[in-house]
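First to last, the protein sequences are chains A and B. Just so we're aligned, residue 1 is where the first sequence starts under this note's numbering, counting upward by one. Just so we're aligned, residue 1 is where the second sequence starts under this note's numbering, counting upward by one. Single-structure report; data block below.
2 protein chains.
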Amino acid sequence: MTEKCPANIYGRRLREARNSYGLSQEKLGIAARLDQSVAGSRVSRYETGKHEVKLGLQKLFAKALALPLKYFYIEDDEEARLIAEASRSDKPVKLKEAIERKLKGK
Amino acid sequence: MTEKCPANIYGRRLREARNSYGLSQEKLGIAARLDQSVAGSRVSRYETGKHEVKLGLQKLFAKALALPLKYFYIEDDEEARLIAEASRSDKPVKLKEAIERKLKGK
DNA sequence: ACACTAAGAAACTCTTAGCTG
DNA sequence: CAGCTAAGAGTTTCTTAGTGT
């Protein structure tokens, strides 16, 4: 464990969203089509703000987490929470389970 | 002139916002604290999607244009327009003029 | 299992200078 | 003037391998 504090807004929201699904960094990375061998270390650096995320990968994270791109740049916590709820209420199925089902399917 | 088509959402919104103020690429770059010698060519590549913008500079663009960070990642045109209006209606002074005043002050 | 990191390899962006309408 | 781009210089990220909890 021992999570380090995110240093920018994107990393903060990414970690928030991942934790809300109870996913590990590696599993989130795999859900976003990163190779398993690098998924954990890359997500770690994105969350802590060591590296920035290219737009193509931002889209994959957004899709995997069922959130709009803009979510990761919303600075107000309350607004972010509302958007997250609204985005997910569209989907009746629990997404954590959907993601983990996909991962096992491979 | 001869504007090339933006290849991603960030570039599209950046150009939109810049045009709404009637600023040139060079002037926008200078307003975001880029050196005059590079301002035009860099903004050009950000808008056309050749290069991606680091978060630190995204914040400077957002501030110069009086828009929230998330604006540049809103995919729906109608929503983007609404946010732009709302963000600017806070400010009674016309921002194009404010920006150009700053530029001349140097 | 989970989160994180150093170091060299690989990929990207920046500056300069110059082109087109 | 306004927008765009090639190429080498400069900077960042990626992969690998490994640390510590």
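Ideal Cβ positions, reconstructed from N, Cα and C, are used throughout, including at glycine.
Asked	Found
8 angstroms Cβ shell around residue 87 of chain B - same chain, five flanking residues per side excluded	66, 67, 68, 71
Contact test: residue 26 of chain B Cβ vs the ligand NAD heavy atom, cutoff 6 angstroms	Within the structure as shown, the ligand NAD is missing, as the structure has no ligands at all.
For residue 29 of chain B and residue 51 of chain A, the rounded distance between their alpha carbons	24 angstroms
Neighbour flag for residue 34 of chain B against chain A, beta carbons, 7 angstroms	no
Test item: CB-CB of residue 47 of chain A and residue 14 of chain A under 7 angstroms	yes
Integer-rounded CB distance, given that residue 40 of chain B should sit under 8 angstroms from residue 110 of chain B	No statement about residue 110 of chain B is possible, as the shown extent of chain B runs from 1 to 106 and does not include it.
Beta-carbon gap between residue 31 of chain B and residue 64 of chain B smaller than 7 angstroms	yes
Cutoff 7 angstroms: residue 14 of chain B Cβ touching any chain A Cβ	no
Sub-7 angstroms separation of residue 55 of chain B and residue 42 of chain B beta-carbons	no
Endpoints, the alpha helix (DSSP H) within which residue 2 of chain B is located	Element bounds for residue 2 of chain B: n/a, residue is neither H nor E.
DSSP state of residue 49 of chain A mapped onto helix, strand, coil	coil
Contact with chain B by residue 73 of chain A, beta-carbon distance below 7 angstroms	yes
Range covered by the alpha helix (DSSP H) that runs through residue 26 of chain A	25 to 31
Local Cβ density within 10 Å of residue 27 of chain B, reported as buried at 16 or more and exposed below that	buried
Test: residue 65 of chain A CB closer than 7 angstroms to a CB of chain B	no
Contact with chain A by residue 8 of chain B, beta-carbon distance below 7 angstroms	yes
Nearest to residue 45 of chain B (by Cα), restricted to the options B/11, B/100, B/101, B/80	B/11
Neighbour flag for residue 82 of chain B against chain A, beta carbons, 7 angstroms	no
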